[in-house]
Structures are given as structure tokens and as C-alpha cells.
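In what follows, a structure is listed as C-alpha cells, so that the remarks can point back to it.
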Amino acid sequence: MARIVVRALPLASRSRRPIVAALLRQQTVASPASSSPLSHPSLSTSVFSHFPPLRSFHVSSRFSRSSVPFGGFFASLRGFRKVRRRQAVSKKQTPKEKQLELSVKIGIEEEMPDDPEVLSIAEMLKLNVPMAMKIAFDGLKDSEYKTRDPSISDVGKYEKVELSILLCNDDFIRTLNKDWRGEDHATDVLSMSQHIPELDLPILMLGDIVISVETAARQAEERGHTILDEIRILMVHGLLHLLGFDHEISDEAELEMEKEEELVLKSLEWKGKGLIKSTYDADTDSKLQSENSDGQVTNDMKKAGNLRFYRPKFRYIFCDMDGTLLNSKSQVTPATAEALREAISRGVNIVVATGKTRPAVVSALKMVGLTGKSGVMSDVSPGIFLQGLLVYGRQGREICRTNLDKGVCREAFLYSLEYEIPLIAFSQDRCFTLFDHPLVDSLHTVYHEPKAEVMSSVEQLLAAADIQKLLFLDTAEGVSSTIRPHWEEATTGRARVVQAQPDMLEVVPAGTSKGDGVKMLLDHLGITSKEIMAIGDGENDVEMLELASLGVALANGSEKAKAVANVIGATNDEDGVAKAIYNYAF
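My numbering puts the first residue of the sequence shown at 144, with every later residue one more than the last.
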């Protein structure tokens, strides 16, 4: 049975536009004259055609073109092509040897962040790639493999050999797969040949090897070695493809390429098995695990733990709490907490924009360790609370407070007493009510709000503090059929009503919204709406979602929120915020 390993595939040029450079940020470069043989579409461009200089590395090395095996370090390597070693010819008998130049370009795709480990690996590859090339070239002329394409056999006839290596993330290599192979998924390595045997050139342009460092990191962890070890394995695999090996054409071809992979790795004393062998072992282990487990990792969460390989698209993420960051149990799930930590570690600022009080937000986030200076919320964090009626800026200082008309408050509490409908008044970090009720208690025990203080009369309550908003609590049917219609009409011109939850109705000052609070905070911080992403679910999030460069409404949200959002995410019970961060923020 064939061991099908979809990893690397030698790709011929399919059009006259650049293969990889078209996907990179455009740079101004000089192009060769059309009459030059190098203007052929497969030769004129490579991964580095438009590559920023500060993100690339170059190394040139020379070695003897004679039939004498490499001396010095390479001759001493364990298992170094001993069967192909020939008798050395004395220097007196040998004419002056020509030198073959190996030109290797190592680059990092420009959307990758400056990760120290990746930068170190790129530097190491400047030494490693020429070593692997020399080992692989040594056996080409006398190769006994039956399935290898022999188009490249004697590198001795060339003056120079060129090869490009590009390190990227899964998104970039997925785009390549989709554009050039018609397969919309990420792979660990792709080889793109630029060699055309029909052209008699002094330069052997091998082509490009594109390696996903993100996938390499996952595979390295699974296989028990370092990312550098895995990237070396992938580089050797890609190099052999460019030299005519192709494990996908037959079982025999797979065995021959597997043998050559292991020979190169062993010769260089690099850790790990060849990619074909490693993948076969991993597939076998995966099948065994699947027989004993129903667990499945969804594609939506593919980037969990790998945000280090992506640049943030936004400086700020504004996020609602109830129905968004919090699930139906009013809790932050572990997956969502981890996504927030990763985003923060990558320099993204998370700003809470909610109808809740600040103490309620702190209480909910403290349960998952997201409070304090390194978390989402602290005493010095900016934030938008009480539907934008209370805004905190730099150092957690209050920059805006908007109070509700006292006449509206008085009428609402008299209505509450008459119909025995629980009503809560919010005043900064305090809550007030006129009577105890299980729904009032749930606001504290379930929704983390400060425990409501019961006042003896309406006038005592109004005298206690300025009120920013009111909150009616009832059944979803009671709110939609009775309370909302009444108060939409009763507050005309003096206040407005909004809903974040089906069983709650909020009364807020006229002409205000959570979106207004976001605008005020953006002005205060000196940032633009193009720099923010917003995630919400309720009709109170509409203005915020419209304002943001990217608005994500969760699937459990209101139709009004979904109508204005750029993207509909998963539900709050399906880690919707985490998936939005992984899929859209980087």
C-alpha cells in the first residue's frame, strides 16, 4: 500500500507572473531585458524577487568541481557517501580546479514578526544549506536511482548554483498551495523548480524552497526535536525534490527518496528521520490514536499557540463581555483566556467595552487570571463601561461620565414598584434597587455585578448618587411584549432603550451608545478606527461594530449586530472570541 505523503511537490511555472513574489508586498526592482535568456518566466523571478533587503540573508560558498570527494570536514562526516568515494588524484596530476559557487538566499516572509528563534534559524541555515547541497550534489552523477528525474546530474558543468529558501507561516504557504496546486490547506514545505534543462546556461537555478515555520514548530514538538532540526529535515526534503526526486509518483520512488533523505541527514549528523519516514510514523500513530479517541481539533483553532509566527493586524481589540467574552454560564472559557493571553503577548491591546460595571469585569476576568498589569483589566487599564456612559483612559483615569435624567429614573422606579418588576440603578461601581428579588440576586451571583443596595424609597435612592443607567429584569417574553414597548414610548426625547440580553432592558441617556464611548477613548489614546477590531453580540454593540476596521458579531448575537458586522463568528459557547482572534486578528 502506498504511503501517500502530501508535503512537497516540484512545481513548474504556470504563468508569466512571479510564483511567490506576487504574494509578497510589492517592491521596486530592476528586471532583466526581455531578450535575455533569464527573462524566461521560470527563471526571472523567485521568492526573493521583491523581498525586502533587511529580511533576507545571502551566502556564497565554493567547493571543488573535480571528481574528488569533498575533503576536510565533509570527508570526516560519519557515513559520508563511502560507496562513492574515489581514489584521490595528486595535485601534480590535476590541472587547476575550477570552482563552483553556491549562491544561497535565506529569507523570512515579511508578514512574519521578528521572532528571535526564527531569526537565529535563518542565520544557521546560511551554513546548513550549502552543506546539504554539497552532500546531495556529490552523488548525482553516479546516481543509481531508477525513479529520479536525471535532468540535473552533473553540476560540474555549471559555474554557479542558485537556491532560495523562504521561511513563512501557514497562511502564506496555504495561499501558495491554493494558487499553484489548487489545494486550500497548509503544508510544511513546497519546492518550486526554476530549472529548465533545454536552456544551456552557466548558472543552475534550482528554484525556491518554502518552509512553514509554524507547521515545523508543531511537527518538532510532536517528534521530540527542535524547530531547527525539523526545518533542516524539510529543507533536505525540498532540495531533493528540486534535484529530481518525487515520492508521489510510485512506491519505488517513495522508497528511493526516503533512502536519500536519511543518507543526507546521517551524513551531516543532523537529528531526526527523513520527512517521508517521519510522516509515515506520524500517520500510523495518528490512526492508532483515532481508534481510541473521539477528540478532534477543529481547523478554526489551528493557530492556537502559534501567534508568534504572525504579525498583528490591529493594535487594539475592543470586546464586549456578556454574550461575547463570557459564555452562557457567564464565564471566560480556558480557550478564550489563552487566546487573550497570546494576543497580549504579541503586543495587542485588549479593551473591554461593556454594559457592565468595572468591578463586574474584574470579577469575571480574575477567575481565569486575566487581571493585573499583564492581563486584560487592572486599575490602570482603559475601558468602556455601562454602555459607554463611563469611560476610563490612560492610567485608568475617568475621562467621561454621562448621567441619566432624574425624571426618567423616578418614573422608572415608580413603575417598578407598581408592577413589581425588578429594576436596578447603576452608579459607577455601585448598584441600587428598591426591593429584593431572585433576579436581582442573580445579577450579583451570576453576572458578577456589585451586590445591589436596597433603598427604602425612590427619593432616598435618587439622593444617594448620580445614576448612569437603569436595568429592568424580567422574562424574555415580558421584556419584548410589555416592558420595551412601554419604555420606548415613555422615554422619547429624554432617553433610549437598548438590549444586551433577551431578558434584560436597559434605559440610558438619549444620544449615547457604546460606540460613542469607543470614539471618545480612541481620540483620547490617539488611535484611529482602522487600527481596531471589535467583537460583540448585542444591539448595543452595533455602533462599535460599525466603527471598527473589522467588526465580528458572534453567531449567538442579535440580528441587528450581525447585519452590520464584517464577519459572523462562532457562538460564545464555542469560544467565539478565541476563534475570532486566531482567524482575523493576525
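By construction, the Cβ of each residue, glycine as well, lies at the ideal position given by its N, Cα and C atoms.
Treat the numbers as computed from the prediction; the structure is a model and nothing was measured.
Contact between the region 333-341 and the region 377-385 (3+ Cβ pairs under 8 Å): Cβ pair count under 8 Å is three or more, so yes.
Expected contact under 8 Å - CB spacing of L529 and T500 to nearest Å: In the sequence shown, residue 529 corresponds to position 386, counting from 1. In the sequence shown, residue 500 corresponds to position 357, counting from 1. Confirmed, about 7 Å.
Less than 7 Å between C-beta atoms, sequence neighbours within five positions excluded: which residues of the same chain meet that for E404? The sequence position of residue 404 within the sequence shown is 261, counting from 1. The beta carbon of E404 sits closer than 7 Å to the beta carbons of V379, H380, L383, G417, L418 and I419 from its chain, once the five residues preceding and following it are set aside; these are given in chain order.
Per DSSP, what kind of secondary structure is A698 in: helix, strand or coil? By 1-based counting over the sequence shown, the position of residue 698 is 555. In this structure, A698 counts as coil in the three-state DSSP scheme.
Closest Cα partner of Q538 within the set L664, K549, K509 and E563: For the purposes of this step, residue 538 is taken as residue 395 along the sequence shown, with counting starting at 1. Closest in alpha carbon position to Q538, among L664, K549, K509 and E563, is L664.
Note the first and the last residue of the continuous alpha helix (DSSP H) segment covering S506. Numbered from its first residue, the sequence shown carries residue 506 at position 363. Counting along the chain, the unbroken alpha helix (DSSP H) around S506 starts and ends at R501 to K509.
Just checking my contact of G531 with D680 at CB under 8 Å: how many whole Å lie between their CB atoms? By one-based count along the sequence shown, residue 531 stands at place 388. By one-based count along the sequence shown, residue 680 stands at place 537. Incorrect: roughly 16 Å between the Cβ atoms, too far for contact.
Going by DSSP, what residue range makes up the beta strand (DSSP E) through A606? Against the sequence shown, residue 606 aligns to sequence position 463. Not the beta strand (DSSP E): A606 falls in the alpha helix (DSSP H), residues V601 to A607.
Taking just the CA atoms, how far does D584 sit from T634? Start at 1 with the first residue of the sequence shown, and residue 634 comes out as number 491. Start at 1 with the first residue of the sequence shown, and residue 584 comes out as number 441. Take the alpha-carbon of T634 and the one of D584: they are about 27 Å apart.
Residue environment, E395, which counts as buried when at least 16 other CB atoms sit within 10 Å: The residue you call residue 395 lines up with position 252 of the sequence shown. Exposed: under 16 other Cβ atoms inside 10 Å.
Per DSSP, which residues does A496 bridge with? Please list them. By one-based count along the sequence shown, residue 496 stands at place 353. DSSP, once it has assigned bridges, lists I527 as partnering A496.
Whole-number beta carbon distance between A503 and H591, since they are thought to touch under 8 Å: As a working note, residue 591 is residue 448 in the sequence shown. As a working note, residue 503 is residue 360 in the sequence shown. Indeed, because the Cβ distance is near 4 Å, the residues count as touching under 8 Å.
Grab the span of the alpha helix (DSSP H) containing K722 for me, first residue to last. Taking the sequence shown and counting its residues from 1, the one referred to as residue 722 is at position 579. Per DSSP, K722 belongs to the alpha helix (DSSP H) from G719 to Y727.
Where does Q242 fall in DSSP's three states? Counted from its first residue, the sequence shown places residue 242 at position 99. The answer is strand: DSSP assigns Q242 an E or B state.
How do the region 513-521 and the region 567-577 stand: do at least 3 beta-carbon pairs fall below 8 Å, yes or no? Touching, no.
Three-state class that DSSP yields for P628 in the structure shown: Within the sequence shown, numbered from 1, the residue matching residue 628 stands at position 485. Looking at P628 - three-state DSSP - the assignment turns out to be helix.
Would you check if the region 366-376 and the region 263-275 touch, i.e. whether three or more CB-CB distances between them fall below 8 Å? Contact holds: three or more Cβ-Cβ distances are below 8 Å.
Which residue comes first and which comes last in the beta strand (DSSP E) that contains D351? For the purposes of this step, residue 351 is taken as residue 208 along the sequence shown, with counting starting at 1. In the DSSP assignment, D351 falls within the unbroken beta strand (DSSP E) covering I346 to S355.
Given a cut-off of 7 Å on the beta-carbon distance, is the pair A708 and L688 in contact? The residue labelled residue 708 in the question sits at position 565 within the sequence shown. The residue labelled residue 688 in the question sits at position 545 within the sequence shown. Yes, the pair counts as a contact, with Cβ atoms nearer than the cut-off.
On the criterion of 16 or more Cβ atoms from any shown chain inside 10 Å, does P525 qualify as buried, or is it exposed? By one-based count along the sequence shown, residue 525 stands at place 382. It is buried - the Cβ of P525 has at least 16 other Cβ atoms within 10 Å.
Beta-carbon proximity list for F556, same chain, < 7 Å, skipping 5 on both sides: Indexing the sequence shown from 1 puts residue 556 at position 413. Scanning its chain for C-beta atoms nearer than 7 Å, with the 5 sequence neighbours on each side dropped, one finds around F556 the residues L566, L577, V601 and L604, in chain order.
How do the region 299-317 and the region 248-255 stand: do at least 3 beta-carbon pairs fall below 8 Å, yes or no? At 8 Å Cβ cutoff, the stretches touch.
By a C-beta neighbour count over all protein chains shown, 10 Å radius and 16 as the cutoff for buried, is L342 buried or exposed? Here the question's residue 342 lines up with position 199 in the sequence shown. A residue is called buried when at least 16 other Cβ atoms come within 10 angstroms of its Cβ; L342 does not meet this threshold and is exposed.
So, under 8 Å CB-CB, T545 and P652 are touching, yes? Tell me the CB distance rounded to an integer number of Å. Translated into positions along the sequence shown, residue 545 becomes position 402. Translated into positions along the sequence shown, residue 652 becomes position 509. About 5 Å; that satisfies the 8 Å criterion.
What is the residue span of the alpha helix (DSSP H) that F280 lies within? The residue labelled residue 280 in the question sits at position 137 within the sequence shown. Element bounds for F280: P259 to D281.
By the 10 Å Cβ neighbour count, where 16 or more other Cβ atoms means buried, how is K284 classified, buried or exposed? One-based indexing of the sequence shown puts residue 284 at position 141. Exposed, by the Cβ-count rule.
Do the CB positions of A638 and V650 come within less than 7 Å of each other? Stepping through the sequence shown from its first residue, residue 638 is reached at position 495. Stepping through the sequence shown from its first residue, residue 650 is reached at position 507. A638 is a Cβ neighbour of V650, given a cutoff of 7 Å.
Got a sec? Which residues, its chain only, sit under 7 Å from A265 by beta carbon, not counting five neighbours each side? Start at 1 with the first residue of the sequence shown, and residue 265 comes out as number 122. These residues qualify, in order along the chain: F200, I249, I251 and L310.
For G719, is the classification buried or exposed, using 16 other Cβ atoms within 10 angstroms of its Cβ as the cut-off for buried? For the purposes of this step, residue 719 is identified with residue 576 of the sequence shown, where counting begins at 1. Classification for G719: buried.
Measure how close the beta-carbons of R291 and G387 come, nearest whole angstrom, since I'm counting them as under 8 Å. What you label residue 291 is simply residue 148 of the sequence shown in a count that begins at 1. What you label residue 387 is simply residue 244 of the sequence shown in a count that begins at 1. Contact between R291 and G387 holds, with the beta-carbon distance rounding to 4 Å and staying under 8 Å.
Have a look at V440 and T714 and give me their C-alpha separation to the nearest angstrom. Working through the sequence shown from its first residue, we reach residue 440 at position 297. Working through the sequence shown from its first residue, we reach residue 714 at position 571. Because V440 sits at a pLDDT of 35, beneath the cut-off of 50, its placement in the model cannot be relied upon, and the following sentence gives the value as read from the coordinates. When rounded, the distance between both Cα atoms is 17 Å.
Buried or exposed, going by whether 16 or more other CB atoms sit within 10 Å of the CB of H338? As a position in the sequence shown, residue 338 is number 195, starting the count at 1. Buried, by the Cβ-count rule.
Just to confirm the assignment: which complete alpha helix (DSSP H) runs, minimum length 4, are found wholly within the region 541-583? Runs of the alpha helix (DSSP H) inside the region 541-583: 549-562.
Would V494 and F461 be called neighbours here (beta carbons separated by less than 7 Å)? For this step, residue 494 is matched to residue 351 along the sequence shown. For this step, residue 461 is matched to residue 318 along the sequence shown. Contact: yes.
Rounded C-beta distance between P256 and R451? I'm assuming under 8 Å. Counting from one through the sequence shown, the residue named residue 256 turns up at place 113. Counting from one through the sequence shown, the residue named residue 451 turns up at place 308. Indeed, because the Cβ distance is near 7 Å, the residues count as touching under 8 Å.
Inter-residue spacing [alpha-carbon to alpha-carbon] between I724 and I675: Counting from one through the sequence shown, the residue named residue 724 turns up at place 581. Counting from one through the sequence shown, the residue named residue 675 turns up at place 532. Counting only the Cα atoms, I675 lies some 12 Å from I724.
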